[in-house]
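Quick note, this note's numbering runs 171 ahead of the 1-based positions in the sequence shown.
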Amino acid sequence: MKYDVAVIGGGVVGALISRELSKYDVKTAVLERFNDVAMGTTKANSAIVHGGFDAVSGTMKAKLNVEGTAIMPQLCKELNVPYRNNGSLVVAFSEKEMEHVHLLYERGIKNGVPELEIIDSKKLHELEPNISDEAVGALYSKSAGIVCPYELTIAAADNACENGVEFIRNCLVKAISFNGSEFVLDTSKGDITATYVINAAGTHSDEVARMIGDDSIKIVARKGEYYLLDKSFGHLVDRTVFQCPNEMGKGVLVTPTVDGNLLIGPSATDEDNKDDVDTTPEGLEFILSKALKSVPSVNVRGAITSFAGVRAHPVTDDFIIGYSDKNDRFINVAGIESPGLSAAPAIAKYVANLFAEKASPKKKADFNGSRPAPVRFRNMSKEEREKLIAKDKRYGRIICRCETVTEGEILDAIHSPVGARDVDGVKRRTRAGMGRCQGGFCGSKVVEILSRELGVPMNEITKFGGESKIIFDRTK
């Protein structure tokens, strides 16, 4: 398997980089160690498109956050991904915290963040009546928004694939050598050669860099835990509500999601195990206590799930993007923690430009940056539904009652360019299993459909790849 460019990592950054590279006449592959894209930090983060006032002025974080947030609405429109410009609030609970709010305002102005405003308690409670009466004011960032990070990644991967990028899953990179003209990557799928390598391996990006002798990167795995509440709580706040940040991150937030749920979190603990995504009683208790400080009416009796994600915290506290000093054909894209999602569109363009400046690739004349809108039966009118079912009756069979997902939508998810191969892959693409019952009704039906469409026995279908099998054997 020979490529011009190998991108290691299929998270939101790797997927968007591959989409930018698909604008050029180069053979590109994305090597993803899991069974699907968006399986690392991307699938378990706060889903916030930050305004850009938090990052220290002059850093890559600050520059690319503001640029990425500006790009995001149009990108989501091109890829038919839900995006909502709901704005954000950094709430202060004392005059001392208001001093920090003023500092963030000044930093935001320096960073070029548009539509920033410091508001008093009266206006704050007019905007968000459910915020604690103890709040004395806030920084209001009108340019901030929310997006679904894994849906954005899947859409970008599908679009990149349609433009010629190959996605190789379950492809763990074990070693990298360079023979003078190209890299040879020893992977779980065999040797892969590439003229250029882009290291977008998330929490493992420092390990990948060391494979070429580059030990300049040090990544700390920082775990964050979350509660997700059902849609009956999605009305509690309209904007994303932060508290004043600290040295461990932006703090615990309370935010609506683009799908109408309420999300609270994250905690922040540094872990030795970079793949530790277990929740803990202590972590969940911590985020609940902090969320209640902001919005006292939050009630985790409405929680439908809890989860954790691990983000790649660089010891330099800034994104690490550029050609490695050890090899000028190896680009590191490391330490992409918050505001990594916000910055991802700008990071992708920045990296593609780095590559183009050195490799001088020819631009394609037939690049198509649009992704067709997926069918969302739950959002259709009665007339639209009837018309769709008349064309394909499988859209008339409801599989997931909580989220109103049809068999036709699940088939679309499986047979899309970078299609679902497991139950969670279907869930991320369609929301089947994301409702109140968390797959209790639809899970077995999804397994049955995957088995039929992929042509494999039901006892080989997994929840999220690897050994996460759902059915082990038939009962006698």
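Even for Gly, the Cβ is constructed at its ideal location relative to N, Cα and C.
Every value quoted in this text rests on a predicted model; they were computed, and no experiment measured them.
Bounding residues of the beta strand (DSSP E) (the contiguous stretch that carries residue i)
i, result
"GLY248", "Note on identity: in this sequence residue 248 is Lys, with Gly being the wrong assignment. It is not in any beta strand (DSSP E) - LYS248 instead sits in the alpha helix (DSSP H) that spans 231 to 250."
"SER477", "474 to 485"
"GLY279", "That residue, GLY279, is in no beta strand (DSSP E); its alpha helix (DSSP H) goes 266 to 282."
"PHE501", "498 to 505"
"GLY113", "Nothing can be reported for residue 113: it is not among the residues displayed for the chain, which extend from 172 to 647."
"ILE363", "361 to 370"
"PHE224", "Here PHE224 belongs to no beta strand (DSSP E), and DSSP marks it neither H nor E."
"PRO427", "424 to 427"
"SER352", "Run containing SER352: none; DSSP gives neither H nor E here."
"ARG549", "Element bounds for ARG549: n/a, residue is neither H nor E."
"LEU400", "390 to 400"
"GLU337", "337 to 339"
"LEU310", "308 to 312"
Beta-carbon spacing of residue i, residue j below 9 Å
i, j, result
"THR364", "VAL176", "no"
"GLU508", "THR212", "yes"
"VAL504", "PHE526", "no"
"VAL184", "ALA371", "yes"
"GLY604", "VAL589", "no"
"PRO427", "ILE570", "no"
"ILE390", "VAL522", "no"
"GLU624", "ARG602", "no"
"SER259", "ALA218", "no"
"VAL423", "ILE475", "no"
"LYS360", "CYS342", "yes"
"GLY405", "LEU433", "yes"
"ASP446", "THR374", "yes"
"LEU310", "GLY283", "no"
"PHE538", "GLU580", "no"
"SER460", "LEU399", "no"
"ILE255", "ASP401", "Reading off the sequence shown, one finds Arg at residue 255, where the question assumed Ile. No, they are not a contact pair."
"LEU298", "ASP409", "yes"
"PRO437", "ASN216", "yes"
Cβ-based neighbour list, residue i, same chain, cut-off 8 Å, excluding 5 preceding and 5 following
i, result
"ALA326", "LEU250, ASN251, VAL252, ARG542"
"GLU442", "ALA392, ARG393, LYS394, VAL481"
"ARG599", "ASP207, ALA209, LYS214, TYR321, GLU322, ILE325, ALA591"
"ASP362", "MET172, VAL355, LEU356"
As assigned by DSSP and simplified to three states, the class of residue i
i, result
"VAL176", "strand"
"ASP357", "strand"
"GLU203", "coil"
"ASP133", "Look at the range of the chain in this structure, 172 to 647, and you will see that residue 133 is not part of it."
"PHE490", "coil"
"THR324", "helix"
"LYS294", "helix"
"THR450", "coil"
"ARG255", "strand"
"GLU442", "strand"
"LYS198", "coil"
"LYS534", "strand"
"GLY316", "strand"
"SER376", "helix"
"VAL469", "coil"
"LEU582", "helix"
"VAL220", "strand"
"THR495", "Looking at the sequence provided, one finds Ser at residue 495 rather than Thr. Strand."
"VAL344", "strand"
"LEU407", "coil"
"GLU624", "helix"
Residues of its chain near residue i, where Cβ-Cβ distance is below 7 Å and the 5 sequence neighbours each way are ignored
i, result
"SER403", "GLY473"
"SER465", "VAL262, ILE302, SER303, VAL412, GLN414, VAL425"
"ASN236", "HIS221, GLY223, ALA226, PRO510, SER513, ALA514"
"PRO516", "LEU187, GLY239, ILE242, MET243, LEU246"
"ASN630", "LYS640, ILE642, PHE643, ASP644"
Identity of the residues DSSP links to residue i by a beta bridge
i, result
"CYS571", "VAL576"
"THR633", "LYS640"
"LEU215", "Reading the sequence as shown, one finds Ala at residue 215 and not Leu. Answer by DSSP bridge pairing: none, since ALA215 is not bridged."
"SER303", "DSSP lists no partner for SER303."
"ILE458", "According to DSSP, which records beta bridges pairwise, ILE458 is partnered with nothing at all."
"ILE188", "According to DSSP, ILE188 bridges with nothing at all."
"VAL618", "Partner(s): none; VAL618 has no beta bridge."
"LEU260", "TYR311, VAL412"
Where the alpha helix (DSSP H) containing residue i begins and where it ends
i, result
"PHE612", "PHE612 -> no alpha helix (DSSP H), and no H or E assigned at all."
"LEU559", "553 to 562"
"TYR521", "511 to 530"
"GLY596", "594 to 601"
Minimum Cβ-Cβ distance from residue i to chain D less than 9 Å
i, result
"LEU275", "Of the protein chains in the structure, only one exists, and it is not chain D."
Cβ shell of residue i (< 6 Å), same chain only, five flanking positions each side left out
i, result
"GLU337", "ALA200"
"ARG572", "PHE612"
"GLY540", "GLU249"
"GLY384", "LYS497"
beta-carbon residue i near the ligand NAD non-hydrogen atom, thresh 8 Å
i, result
"GLU453", "For the ligand NAD, the structure offers nothing, since it holds no ligand at all."
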